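Protein chains in written order, with the numbering used here: chain S, 29 to 158; chain C, 10 to 154; chain Z, 126 to 405. Beta carbons: idealized from backbone N, C-alpha and C, even for Gly. Here the structure is a predicted model, which means the values were calculated and not measured. Structure first, commentary second.
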């Protein structure tokens, strides 16, 4: 009965993803065409660049926001596709549980990774390995 | 009387794509679903792989080494293409599903000009922008290294 | 006139629930007559070749919505489909998809009508007395009529439901016709039933499973444009969730214009011929 709400959030999440994932794609895959956010040069996934982004509070926060929005958007979309195949009510309850638990689990994992790398990058230990 | 000489009626390759039976928007809907599923599958793996950066440089470089092959690069380009299509078509869908660009209720006079006709320029524009992004991404992935 | 055929080949999907396990195709050949429609062909076949052929039709002019069928891969009205418009002399006629087949070309449309009824497709107002014993007209401007007029042309033929990709897999989804009719009443300013309909529209029976494939609007024989109605309905429901929807009260009864005088030479209205009729 709450599709009205969830769908509105689905759309809101898509707007958030458009901005942040668009930025992520520009950084990762358009850096030869539009080169920004890779101050150490070279490939965006080299350790130096990863540390540079991990150190930044802006990136930590936006990664977590993007993670939450993308997980909600993607898993709600998957739920819509699966529910449109008309599963039995018990299967629907099971799917709801799996998607919610799986989504939360991955969100916790990703948030931990963002926070942990932020902590590591802003302490001396990592600076030595550069 | 009228002569009927037998008009050729083969659909050719077009027959594979539904034979003109469906409109372009139907295919956009199918593609949007497929790219969404592909992106979700990639996202779940991506979270697991990139979380390695929290475990230090060694773990990170190991993770990156496992996804460095040519097949992975091709796969990542496919993800980029899927994202370009899904995002730009998604902009079109958000506008349309909030009632922008579908036209106002009108008196239907045959031949009917439906919301599908009204939003067609938007759909074409969306495809052009997505194609441009795909080309730019292709340059980055395969040419300008 | 080079593509006018002399002979038309009908391939009809037959199914007799008492005799057949599976549907099968049956072929008939008919001479082409000018202006022949698919319905004309079916009637000729029933008269001359196959008296057990069953289908629904009534008005034969595209206003009753009875003869919806799957003709050459698209849901169409049989009475409204000229043979020449199909650009071939091979006509494949099958019953409307996404509905159970009762027999031959007859679909079971009850699920569509049940979904339709569940969304209260009629004016809902609190002043029930006024609706049964009217004292005046409800005020409605031309602009307000335009908001729902297009969607009121629906003849409930079911072609949109047959074309909808979501309805093809999901029987809980209400489908284009019920949702368009719900929207037609939601935006009718005489109606106050938005809250009552919202109970169903907020959930799985609502427009949320429409993803704008646009097929419903492409096949609608009356130009009702259900796709547009559903997107406009989503807009209303989202604005309602964000508490941004302006709820106009159901329109009031028009009072008599004050201070007008009858022109000279214009006589009074005649006395009512029915006892007890209101004098408006």
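- Per DSSP, residue 100 of chain S is one residue of the alpha helix (DSSP H) stretching across 85 to 111.
- Neighbourhood of residue 51 of chain C in chain Z, by CB distance below 7 Å: empty, with the nearest CB roughly 21 Å away.
- In terms of beta-carbon proximity, residue 134 of chain C stays away from the interface with chain Z, with every pair separated by 8 Å or more.
- At a cut-off of 8 Å, the C-beta of residue 333 of chain Z has a neighbouring C-beta in chain S.
- Cβ atoms of residue 97 of chain S and residue 54 of chain S stay farther apart than 8 Å, at about 17 Å.
- At least one beta carbon of chain Z lies nearer than 8 Å to the beta carbon of residue 30 of chain S.
- Excluding residues up to 5 positions away in sequence, 97, 100, 101 lie with their Cβ nearer than 6 Å to the Cβ of residue 41 of chain S in the same chain.
- Interface with chain C (8 Å Cβ-Cβ cutoff): residue 89 of chain S is excluded.
- Within chain Z, not a single residue places a beta-carbon under 9 Å from that of residue 130 of chain C; the smallest gap is close to 14 Å.
- Excluding five sequence positions before and after residue 103 of chain S, the CB atoms of its chain that fall closer than 7 Å to its own CB belong to 127, 131, given in chain order.
- Your pair residue 250 of chain Z and residue 317 of chain Z checks out as a contact, with CB atoms roughly 5 Å apart and the cut at 8 Å.
- At a cut-off of 8 Å between beta-carbon atoms, residue 366 of chain Z makes contact with chain S.
- The residues 93, in chain order, have a CB closer than 6 Å to that of residue 142 of chain C in the same chain once the five nearest residues on each side in sequence are set aside.
- For residue 194 of chain Z, the enclosing beta strand (DSSP E) stretches over residues 193 to 196.
- Per DSSP, residue 136 of chain S has no beta-bridge partner at all.
- Contact between residue 112 of chain S and residue 305 of chain Z is absent: CB atoms are separated by about 19 Å, not below the 8 Å threshold.
- The beta carbon of residue 84 of chain S sits no closer than 8 Å to any beta carbon of chain C.
- With respect to the C-alpha of residue 298 of chain Z, the residue from Z:137, Z:166, Z:239, Z:140 having the closest C-alpha is Z:239.
- From the beta-carbon of residue 44 of chain C, no residue of chain Z is found nearer than 9 Å; the closest lies around 13 Å away.
- Interface criterion met: the Cβ of residue 78 of chain S is under 8 Å from a Cβ in chain C.
- Under the Cβ criterion of 8 Å, residue 34 of chain S is not counted among the residues facing chain C.
- Against chain S, a Cβ distance below 8 Å from residue 62 of chain C picks out 78, 82, 141, 145.
- Contact annotation: residue 221 of chain Z and residue 346 of chain Z have beta-carbon atoms that are not nearer than 8 Å.
- When DSSP states are grouped into helix, strand and coil, residue 201 of chain Z belongs to the strand group.
- At a Cβ-Cβ threshold of 8 Å, residue 38 of chain C and residue 290 of chain Z count as neighbours.
- Between residue 288 of chain Z and residue 341 of chain Z, the C-beta spacing is below 8 Å.
- Residue 206 of chain Z sits in coil when the DSSP states are folded into three classes, being neither helix nor strand.
- A straight-line Cα-Cα distance of about 18 Å links residue 98 of chain C and residue 353 of chain Z.
- The beta carbon of residue 37 of chain S sits no closer than 8 Å to any beta carbon of chain C.
- DSSP, reduced to helix, strand and coil, places residue 150 of chain Z within a strand of the structure shown.
- Between residue 163 of chain Z and residue 218 of chain Z, the C-beta spacing is below 8 Å.
- When the Cα atoms are used, residue 253 of chain Z and residue 261 of chain Z turn out to be separated by approximately 14 Å.
- Taking the C-beta atoms as reference points, residue 269 of chain Z is found nearer than 8 Å to residue 314 of chain Z.
- Contact annotation: the segment 144 to 154 of chain C touches the segment 80 to 90 of chain C, with at least three C-beta pairs closer than 8 Å.
- Interface criterion met: the Cβ of residue 112 of chain C is under 8 Å from a Cβ in chain Z.
- Residue-level contact check: residue 112 of chain S touches chain Z, since one or more beta carbons of chain Z fall below 8 Å from its beta carbon.
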